[in-house]
Amino acid sequence: MKKLLLFSMLAGLTATSCQKVIELDIQESDLQYVLESEMTEGGPKVVALKISQTAPFLSGDEPKRVENASVVLYDDQGNSLPLVHRDSGIYQTTYEALPDHTYRLQVDFGGEQYLAESFLPAHSELLGARAEPQDSSGIFIGYQIKFSYQDPANRDDYYRLRMTVNGKVQNSERADAIFFNDQSNNGLTVTRTIRNKTFQSGDEVKLELLSMTKENFRYQREVFDMAFVSAASNFSAAAPGNPINNWTGPVVGNFTTYGLDELTYVVP
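The working numbering numbers the first residue of the sequence shown as 300 and each following residue consecutively.
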């Protein structure tokens, strides 16, 4: 197996979104296409799909962008909307995504068709946030943030907490990958602590509580795990295996849909 570079949209898929390079287990002679898309509840919002081709590890080449695809978004009511190529293999449209619906992306290029379906669950409500002072050896070092939300009863919920601090999306450290489920607190009002992160007075913290299916939860968590394992090992370790995605055909990437509730909290 040869290692290849994949640009993973870990902070939301836009032309200016943050990217992290991760390793995938792919034969060098079998370069693969990467189809990565995210869509969140509400809107109208930008829905984007990025299409590229993996580049051999240490080749020095940038991933090739696919700029001649046909991309269409479908809902489960029979409606369709094309995504238009904007730049560098990124296709976009503006759309209002509704909860409790299934969405499908159809992508055609190079004589092949790729399909992905994703259910968008209703969001769970964020109830508030608060800061608590932290010290180290008796010396004040900053604040820890706790947030509360209402978990819906009678369904399994899978979450990711995404943070933006003073306008910067937090996705550069392992502590930024906050994934959890409701296995032990189904239907309850829950308070969680953002651990291994210290905040300062005046910090503006935007919290996004992303609800997703079990399959999308597994994919997102595995991508984060692979990214930080690669970073820690300085690309010296083989990838543990490619995440299972929801595309038909031999491609990597995923079409992920999220229920979304958000709040902004300023640390006092």
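Every residue, glycine too, gets a C-beta built ideally from N, C-alpha and C.
- Item | Three-state class that DSSP yields for E340 in the structure shown | Here residue 340 is taken as the residue at index 41 of the sequence shown, counted from 1. It is coil, neither helix nor strand.
- So the beta strand (DSSP E) I477 belongs to, where does it begin and stop? Translated into the one-based positions of the sequence shown, residue 477 becomes position 178. Boundaries of the beta strand (DSSP E) harbouring I477: 477-480, taken from the DSSP string.
- Message: Just to confirm the assignment: which complete beta strand (DSSP E) runs, minimum length 3, are found wholly within the region 400-457?
- Response: 400-408, 411-419, 424-435, 438-449
- Own chain residues within Cβ distance below 6 Å of D560, not counting five before or after: Within the sequence shown, numbered from 1, the residue matching residue 560 stands at position 261. If we look at D560 and ignore the five residues flanking it on each side, its Cβ neighbours are H422, E424, L425, L508.
- Message: So, with DSSP's three-state summary, where would you put D375?
- Response: Within the sequence shown, the letter at position 76 stands for residue 375. The answer is coil: DSSP assigns D375 none of H, G, I, E or B.
- Residue range of the beta strand (DSSP E) that includes R491: Counting from 1 along the sequence shown, the entry for residue 491 is found at position 192. Per DSSP, R491 belongs to the beta strand (DSSP E) from 488-492.
- Query: What's the C-alpha gap between R459 and F498?
  - Reply: Stepping through the sequence shown from its first residue, residue 459 is reached at position 160. Stepping through the sequence shown from its first residue, residue 498 is reached at position 199. Cα to Cα, R459 sits roughly 20 Å from F498.
- Message: Contact defined as beta carbons within less than 8 Å: I believe S436 pairs with T490. What is the distance between those atoms, to the nearest angstrom?
- Response: Against the sequence shown, residue 436 aligns to sequence position 137. Against the sequence shown, residue 490 aligns to sequence position 191. With 8 Å as the limit, S436 and T490 do not qualify as a contact, their Cβ atoms being about 27 Å apart.
- Check D502 in the structure and name its three-state DSSP category. Numbered from its first residue, the sequence shown carries residue 502 at position 203. In this structure, D502 counts as coil in the three-state DSSP scheme.
- Query: How would you label L487, buried or exposed, when you count the other beta carbons within 10 angstroms and need 16 or more for buried?
  - Reply: Position 188 of the sequence shown holds residue 487. Its Cβ having fewer than 16 others within 10 Å, L487 is exposed.
- Message: Quick check on this structure: which residue in K496, L380, L414 has the alpha carbon closest to the alpha carbon of D434?
- Response: Along the sequence shown, read from residue 1 onward, the residue named residue 434 stands at position 135. Across the set K496, L380, L414, the C-alpha of K496 shows the shortest separation from the C-alpha of D434.
- Query: In chain order, what residues of the same chain have a beta carbon less than 8 Å from the beta carbon of Y518, not counting five sequence neighbours either side?
  - Reply: The residue you call residue 518 lines up with position 219 of the sequence shown. So the list reads P542, I543, N544, N545, N553, T555, once near-sequence residues are dropped.
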